[in-house]
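In the working numbering, the protein residues as written are 95 to 477. Where is the CB? At the ideal position from N, CA and C, for every residue including glycine. The model shown is predicted, which means the values in this text are computed figures rather than measured ones. So the structure is just underneath, and the comments pick up after that.
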Amino acid sequence: MMDRRQFVAAAGATLALPSLISAAAADAQVVPSLDTLAKARGMRFGSALGLGKPGTLEGGFADPAYRTLIAAQCGLIVPENEMKWGVLRPSADQFDFAPADRLVAWAKAHNLGVRGHNLLWQHPRWTPEWLTAHDFGSQPRVAGEKMLTEHVTKVAGRFADVVHSFDVVNEAIDEKTGTLRETSLSRAIGGTIETIALAFHAARQAAPRAQLVYNDYMSWAASSALHRAAVLKLLGELKARNVPVDALGIQGHIGSNGAGVATTLGRQTEEWRSFLDAVTAMGFGLLITEFDVNDMGLPADIAVRDQAVGELAGAYLDVTLSHPQVDTLMCWGLSDRYSWLQGTSPRADGLPKRPLPYSTAMRAKPLRDAVAGALRAMPMRAV
Ligand code: XIL
């Protein structure tokens, strides 16, 4: 690892913005790092990291200042898209592991752990077109089971030595109805619950030491009550069927999507606490897998906005991390520059969103203080 002086020189040379970058470099190296704070309580801290298209800055990986920030503040990364069907499986019989391998190699070289995301995204919108159109033939169940088992075995098996925790199934519940989502694959297999069960059993076989996670975006918002109930029902059914699920991944995309006021948003602190209690009472572990704060409903003024985002994050993290079962906190990116939320619905005033702990110039924001404060305040985990 280079020291700060060497880093500033290198960053200034590559990006030709010496004064800005030297300040940003200082912020990247803020100590204790978020991972150090998490480790002091027996927990881990990390971030998603995306490769982007070759030759562009679309994913943060191409940006050396961003890589430095991630390496300095995190204990682990999760590839933002590179382990998903849509990227690593361009067709039924083709696998492209190059993007995921690149991120994993970088993580290893920087002594960072890796989470795997995801082995099955049970959502038609994120199912690759070729799979939606796939002909499963005269015995669809057999063909569907074979395809899913092969996929999970291949992907989980390939990364089993480095990935200690996999999101095996992502977003299987339609939050508007509380029912399980169907895709071409689960239709072929003959049921979503059977599909989920198969994915977890195959993952356990391929990566027997890994933590296996069901990951979803239920939240503390009042509008999420039906979703929370459906997640509890699903976890109960999976447990009753002896499906090897170790933990619930709480995505943690909080804030306003524009439908409400972000600072309140009908937050249901007590309902959220009871939800988490019910999950842990069933014996499941917990993680926050994709934390960020959507500031769509907040004022333009940056100081006001950052303060409100920090307040919201602090309150959410305090109640969630008060459960010692939460063993990991992952942000969905560290710098606003590379947040996926910039590409989703824009703010009414058209200003860039500020959903992550560091600014586009990689400067620490009040949200970083809020995350650090919550990590310092949470109870010790059993290690
Ligand atoms: C998002 C990525 O950040 C985007 O780059 C991509 O276009 C779509 O997916 N929940 C998840 C993540 O489980 O995989 C999503 O990631 C964000 C919402």
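Remark: the shortest separation between the CB of residue 388 and any heavy atom of the ligand XIL does not fall under 7 Å.
Rounded to the nearest whole angstrom, the CA to CA distance from residue 202 to residue 232 is 44 Å. In this structure, residue 434 has its beta carbon less than 7 Å from a heavy atom of the ligand XIL. In this structure, residue 144 has its beta carbon less than 7 Å from a heavy atom of the ligand XIL. Residue 378 sits close to residue 341, with the two beta carbons spaced by under 8 Å. At least one heavy atom of the ligand XIL lies closer than 7 Å to the C-beta of residue 264.
The segment 217-299 contains, as complete alpha helix (DSSP H) runs of 4+ residues, the segments 223-226, 234-253 and 278-283 (chain order). Looking at the DSSP output, residue 140 sits in a beta bridge with 170 and 424. Residue burial annotation: residue 445 is exposed, with fewer than 16 other C-beta atoms found within 10 angstroms of its C-beta. Taking C-alpha positions only, residue 242 is separated from residue 139 by approximately 31 Å. Non-local C-beta neighbours of residue 454 in its own chain, meaning closer than 8 Å and more than five positions away in sequence, comprise 429, 430, 431 and 446, ordered along the chain.
Here the alpha carbon of residue 173 sits roughly 33 Å from the alpha carbon of residue 364.
By the 16-neighbour rule on beta-carbons within 10 angstroms, residue 449 is buried. Sequence-distant partners of residue 146 (beyond 5 residues in either direction) whose C-beta falls short of 8 Å from its own C-beta, in its chain, are 152, 153, 154, 155 and 156.
Of the candidates 210, 433, 285 and 423, 423 places its Cα closest to the Cα of residue 130.
When C-alpha distances from residue 413 are compared across 221, 367 and 442, the shortest belongs to 367. Annotated as distal: residue 425 and residue 369, with beta-carbon spacing of 8 Å or more.
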